[in-house]
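Asker: According to our numbering, the sequence shown holds residues 4 to 102 in order.
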Amino acid sequence: MAGLSGLKKKTEELLEQDQLVDSFISGAEKRVKNLEVSQKKFVRCTFSLNEELNQLIDDLIVKSNNARVNRSSIVRMALESLAEQTPEEFQALIHKKSQ
């Protein structure tokens, strides 16, 4: 059995590995807790788009180069962007698009 003593991992290596595992697990727990805390409620809406606008959303998804961007996120970003405009800018845009 004297020849098997070299097969045991050193205590120092075990401690480092345990610390890495604990760090990974605690990080995952934090991410899960953040997901659980979310109180956002989403409402499903149905609306119609013409083919041009539908394609524009698809193009913006591709342009974002982000796998997490979907059709809903594009619509949310567009609405948030419109909400940031001054009333005058918004009215000018509506006037421009209604012609």
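All C-beta atoms, glycine included, are put in the ideal place defined by N, C-alpha and C.
Keep in mind the model is a prediction, meaning the values are calculated, not measured.
What is the DSSP secondary structure of GLU87, reduced to helix, strand or coil?
Answerer: For this step, residue 87 is matched to residue 84 along the sequence shown. Looking at GLU87 - three-state DSSP - the assignment turns out to be coil, as it is neither helix nor strand.
Asker: As a quick exercise: from ASN69, LYS44 and VAL78, pick the residue whose alpha carbon is nearest that of ILE60.
Answerer: Translated into positions along the sequence shown, residue 60 becomes position 57. The shortest Cα separation from ILE60 among ASN69, LYS44 and VAL78 belongs to VAL78.
Asker: Pop quiz: ASN73 and ILE64 are said to be a contact at Cβ under 8 Å. What is the actual Cβ separation, rounded to whole angstroms?
Answerer: Within the sequence shown, numbered from 1, the residue matching residue 73 stands at position 70. Within the sequence shown, numbered from 1, the residue matching residue 64 stands at position 61. Contact flag correct, Cβ pair sits at about 7 Å.
Asker: Does DSSP classify GLN102 as helix, strand or coil?
Answerer: The count along the sequence shown starts at 1 and reaches residue 102 at position 99. Note: GLN102 maps to coil in three-state DSSP.
Asker: Hey, LEU82 and PHE93 are a contact pair by Cβ (cut 8 Å); roughly how many whole angstroms apart?
Answerer: Working through the sequence shown from its first residue, we reach residue 82 at position 79. Working through the sequence shown from its first residue, we reach residue 93 at position 90. Actually they do not touch by this definition, with Cβ atoms about 12 Å apart.
Asker: For the alpha helix (DSSP H) containing LYS44, name the first residue and the last one.
Answerer: In the sequence shown, residue 44 corresponds to position 41, counting from 1. Unbroken run through LYS44: none, as it is neither H nor E.
Asker: Comparing C-alpha positions only, which one of THR89, GLN102, SER75 and HIS98 sits nearest to PHE45?
Answerer: On the sequence shown, residue 45 is found 42 positions in, with the first residue counted as 1. Checking every option, the nearest Cα to that of PHE45 belongs to SER75.
Asker: Can you give me the start and stop residues for the alpha helix (DSSP H) that SER67 sits inside?
Answerer: Reading the sequence shown from its first residue, position 64 is the one you call residue 67. Element bounds for SER67: 54 to 67.
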